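Colleague: Here's a structure for you.
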Amino acid sequence: MQAYQILHGANIDGLQAIDYPVRDLGLGEVRIRVHAVALNYRDLMVAAGNYLVSVDDPIIPCSDGAGEVLAVGPGVTRVQVGDRVAGSFFPFWHEGAPTPAKIRNGLGGDIDGMLAEEVVLHEDALAVVPAGLSFIEAATMPCAAVTAWNAIFVSSNHVKPGDTVLLLGTGGVSILGLQLARAAGLRTIVTSSSDEKLARARELGAHHTINYTTIPEWQDEVLHLTHGVGAQVVLEVGGQGTVNRSVAAVAMGGTVAIIGGVSGFGGEVNPAALLASAKRLVGVHVGSRAMLEDVMRFVDASGVKPVIDRVFPFDQAQDAYRYLASGAHFGKVVIDVTKSV
Ligand SMILES: NC(=O)c1ccc[n+]([C@@H]2O[C@H](COP(=O)([O-])OP(=O)(O)OC[C@H]3O[C@@H](n4cnc5c(N)ncnc54)[C@H](OP(=O)(O)O)[C@@H]3O)[C@@H](O)[C@H]2O)c1
1 MQAYQILHGA NIDGLQAIDY PVRDLGLGEV RIRVHAVALN YRDLMVAAGN
51 YLVSVDDPII PCSDGAGEVL AVGPGVTRVQ VGDRVAGSFF PFWHEGAPTP
101 AKIRNGLGGD IDGMLAEEVV LHEDALAVVP AGLSFIEAAT MPCAAVTAWN
151 AIFVSSNHVK PGDTVLLLGT GGVSILGLQL ARAAGLRTIV TSSSDEKLAR
201 ARELGAHHTI NYTTIPEWQD EVLHLTHGVG AQVVLEVGGQ GTVNRSVAAV
251 AMGGTVAIIG GVSGFGGEVN PAALLASAKR LVGVHVGSRA MLEDVMRFVD
301 ASGVKPVIDR VFPFDQAQDA YRYLASGAHF GKVVIDVTKS V
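For the sequence shown, position 201 matches number 201 in the UniProt record's numbering, and the numbering has no gaps at all.
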């Protein structure tokens, strides 16, 4: 069976397809024929060697994949042969709040991930995919959708329909966040460097859009659009270049969900900017298997169709990485593991 491997820091050129040995299944293990893998900014960080964790040996990259159960090992009860499943980002975080033990490993980070024709995962690391989601759609759920779900519906301070969610940029997390928020009856404001991408965001139902290049003081515009109140939740993916503006744009008692740092990490947040208005900064680290199950159920029930920008065949995985790195995408970039050119 074919699998990709990469050494942390080997760059995209270091992503190589190899013949990978098929091993026997142990207690509780499940063999999955992977159909689709979705890329995340994190996969670029692994390639660049600047991800949060690292290991010395090559790994099979990518956290996000969906496929079909080919075989089950002894003791497996949660799934059966033929089930459609997605892998959970943190195989040991099943439910509840995170602990160091629950997030000790992440697929495609410090242990093997999903960019392979077949993978073996423990049954507890799997969520059954609802019938309404294709494999390609389901592959977008484990990292991007779970992170957006966690930020808006789990880690925020009692968001309710009609509240406003601010989404920075038009990458995978933000566009899924837009779609989930819109389907839940929330008002949405989207920022982007591109007017064309903002037009697409409006087509998806964004109530307001702001070009953060032409309006660098976009936090003022958020306050203007919300009649001085601010957004109840901000999906803060920008990092050091945006976090203080996000704090300024969030409403009294609202939540800035600290998710990423596409403009880098560092800088300072003035505590005084938080205290008088009881604003909350909350770190969000993907989420649990229960959140994966919850978000897939919501997507299935609400009819949300995750925005897939491009699908690449398995043998063009490097091109898929380069396309994501170019920043040209809107929504998700996916690899169809069942197709080759
Ligand atoms: N904490 C977690 O659990 C978690 C989970 C997933 C992702 N993340 C992090 O979240 C970030 C986004 O991940 P992703 O996979 O969604 O990335 P992505 O699909 O590659 O999207 C990145 C987007 O960021 C936007 N952007 C770039 N510079 C910006 C700026 N200065 N202000 C606002 N937006 C800016 C761009 O949007 P435009 O082209 O529209 O300008 C770009 O498309 C990354 O830092 C990633 O590591 C964290």
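For glycine and all other residues, C-beta sits at the position ideal for the given N, C-alpha and C. Computed from a prediction, not measured in an experiment: that's the story for all the values here.
From Asp-336, Leu-107, Gly-283, pick the residue whose C-alpha is nearest to that of Val-55; which is it?
Modeller: Counting from one through the sequence shown, the residue named residue 55 turns up at place 55. When only C-alpha atoms are compared, the closest one is Leu-107.
Colleague: Given 7 Å as the limit, tell me if Ile-259 has its C-beta closer than that to any heavy atom belonging to ligand 1.
Modeller: Sequence index remark: in the sequence shown, residue 259 carries index 259 (1-based). At least one heavy atom of ligand 1 is nearer than 7 Å to the Cβ of Ile-259, so yes.
Colleague: On the CB-based measure, 16 or more other CB atoms within 10 Å of its CB, does Ala-3 come out buried or exposed?
Modeller: Counting from 1 along the sequence shown, the entry for residue 3 is found at position 3. Under this definition Ala-3 is a buried residue.
Colleague: Taking the DSSP output, what are the residues bridged to Arg-310?
Modeller: On the sequence shown, position 310 is the one that residue 310 refers to. DSSP lists Val-333 as partners of Arg-310.
Colleague: Among all the DSSP beta bridges, which residues are the ones paired with Glu-29?
Modeller: For the purposes of this step, residue 29 is taken as residue 29 along the sequence shown, with counting starting at 1. According to DSSP, which records beta bridges pairwise, Glu-29 is partnered with His-122.
Colleague: Taking only the alpha-carbon atoms, compute the straight-line gap between Ile-259 and Ile-308 and give it to the nearest angstrom.
Modeller: Sequence index remark: in the sequence shown, residue 259 carries index 259 (1-based). Sequence index remark: in the sequence shown, residue 308 carries index 308 (1-based). Cα to Cα, the separation comes out at about 21 Å.
Colleague: Considering only heavy atoms of ligand 1, does any lie closer than 7 Å to the CB of Cys-62?
Modeller: Here the question's residue 62 lines up with position 62 in the sequence shown. No - ligand 1 has no heavy atom lying nearer than 7 Å to the Cβ of Cys-62.
Colleague: Quick check on Ile-136: does DSSP put it in helix, strand or coil?
Modeller: Translated into positions along the sequence shown, residue 136 becomes position 136. Three-state DSSP puts Ile-136 in a helix.
Colleague: Just the C-alpha distance for Gly-331 and Thr-242, rounded to the nearest angstrom, thanks.
Modeller: Reading the sequence shown from its first residue, position 331 is the one you call residue 331. Reading the sequence shown from its first residue, position 242 is the one you call residue 242. Roughly 20 Å separates the two Cα atoms.
Colleague: Is there contact here, the segment 179-198 with the segment 276-291, by at least three beta-carbon pairs under 8 Å?
Modeller: Short answer: they don't touch.
Colleague: With contact counted as at least three CB pairs below 8 Å, one residue from each stretch, are the segment 264-280 and the segment 82-102 in contact?
Modeller: Too few Cβ pairs lie closer than 8 Å, so no.
Colleague: Drop a sphere of 10 angstroms on the beta-carbon of Leu-235, count the other beta-carbons inside from all chains shown, and report buried for 16 or more, exposed for fewer.
Modeller: Taking the sequence shown and counting its residues from 1, the one referred to as residue 235 is at position 235. Buried, since its Cβ has 16 or more Cβ neighbours within 10 Å.
Colleague: Excluding the five sequence neighbours on either side, which residues of its own chain have a C-beta within less than 8 Å of the C-beta of Val-30, listed in chain order?
Modeller: Indexing the sequence shown from 1 puts residue 30 at position 30. Correct list, in chain order: Val-69, Ala-71, Val-72, Gly-73, Val-76, Val-79, Val-85, Val-120, Leu-121, His-122, Glu-123, Leu-126.
Colleague: Throw me the rounded Cβ distance for the Asp-43 and Pro-61 pair, which I believe falls under 8 Å.
Modeller: To locate residue 43, count along the sequence shown from 1; it is residue 43. To locate residue 61, count along the sequence shown from 1; it is residue 61. Confirmed, about 6 Å.
Colleague: Would you mind working out which of Ile-210, Val-334, Ala-10, Val-247 sits nearest Val-311, comparing C-alpha positions?
Modeller: Residue mapping note: residue 311 aligns to position 311 of the sequence shown, counting from 1. The candidate whose alpha carbon is nearest that of Val-311 is Val-334.
Colleague: Helix or strand or just coil, what does DSSP make of Asn-150?
Modeller: As a working mapping, residue 150 is identified with position 150 in the sequence shown. Of the three classes helix, strand and coil, the one that applies to Asn-150 here is helix, per DSSP.
Colleague: Start and end of the alpha helix (DSSP H) containing His-208?
Modeller: One-based indexing of the sequence shown puts residue 208 at position 208. Note, His-208: premise wrong, no alpha helix (DSSP H); beta strand (DSSP E) at 208-211.
Colleague: Can you pull the DSSP bridge partners for Tyr-4?
Modeller: As a first step, residue 4 must be located in the sequence shown, where it is residue number 4. Answer is Ala-17, bridged to Tyr-4.
Colleague: Should Thr-214 go down as buried or exposed, given a rule of 16 or more other Cβ atoms within 10 Å for buried?
Modeller: What you label residue 214 is simply residue 214 of the sequence shown in a count that begins at 1. Per the 10 Å Cβ criterion, exposed.
Colleague: Measure how close the beta-carbons of Thr-118 and Val-34 come, nearest whole angstrom, since I'm counting them as under 8 Å.
Modeller: By 1-based counting over the sequence shown, the position of residue 118 is 118. By 1-based counting over the sequence shown, the position of residue 34 is 34. Note that residue 118 is Glu in the sequence shown here, rather than Thr. Going by Cβ atoms, the distance from Glu-118 to Val-34 rounds to 7 Å, so yes, they are a contact pair.
Colleague: For chain D, check one thing: does any of its Cβ atoms lie closer than 8 Å to the Cβ of Glu-217?
Modeller: Absence of chain D from the displayed structure is noted, only one protein chain being present.
Colleague: Could you tell me if Gly-254 is buried or exposed, where buried requires 16 or more neighbouring beta carbons within 10 angstroms of its beta carbon?
Modeller: The residue labelled residue 254 in the question sits at position 254 within the sequence shown. Counting Cβ neighbours within 10 Å, Gly-254 comes out buried, since at least 16 surround it.
Colleague: Going by CA-CA distance only, name the one from Asp-294, Asp-57, Tyr-212 that's closest to Ala-148.
Modeller: Counting from one through the sequence shown, the residue named residue 148 turns up at place 148. The option with the nearest alpha carbon to Ala-148 is Asp-294.
Colleague: Spatial neighbours of Asp-319 within its chain, please: CB distance less than 7 Å, with the 5 preceding and 5 following residues excluded, ordered by chain position.
Modeller: Against the sequence shown, residue 319 aligns to sequence position 319. Phe-312, listed in sequence order.
Colleague: I need the straight-line Cα distance from Asp-112 to Val-53, nearest angstrom please.
Modeller: As a first step, residue 112 must be located in the sequence shown, where it is residue number 112. As a first step, residue 53 must be located in the sequence shown, where it is residue number 53. Looking at the two C-alpha atoms, the distance is approximately 13 Å.
Colleague: Since Gly-230 is in the beta strand (DSSP E), which residue starts that stretch and which ends it?
Modeller: Counted from its first residue, the sequence shown places residue 230 at position 230. Taken as a continuous stretch (DSSP letters only), Gly-230 belongs to no beta strand (DSSP E), as it is neither H nor E.
Colleague: Just tell me which of Val-237, Arg-202, Arg-245 has its CA closest to the CA of Glu-221.
Modeller: Reading the sequence shown from its first residue, position 221 is the one you call residue 221. Nearest option by C-alpha distance: Arg-245.
Colleague: From the DSSP output, which residues share a beta bridge with Asp-64?
Modeller: Counting from one through the sequence shown, the residue named residue 64 turns up at place 64. Asp-64 pairs with Ala-38.
Colleague: Quick check: Glu-137 and Lys-305, are their CB atoms within less than 8 Å of each other?
Modeller: The residue you call residue 137 lines up with position 137 of the sequence shown. The residue you call residue 305 lines up with position 305 of the sequence shown. For Glu-137 and Lys-305, yes; Cβs fall inside 8 Å.
Colleague: In angstroms, rounded to a whole number, what distance separates the CA positions of Val-341 and Ala-317?
Modeller: Within the sequence shown, the letter at position 341 stands for residue 341. Within the sequence shown, the letter at position 317 stands for residue 317. Taking the straight line from one Cα to the other gives about 11 Å.
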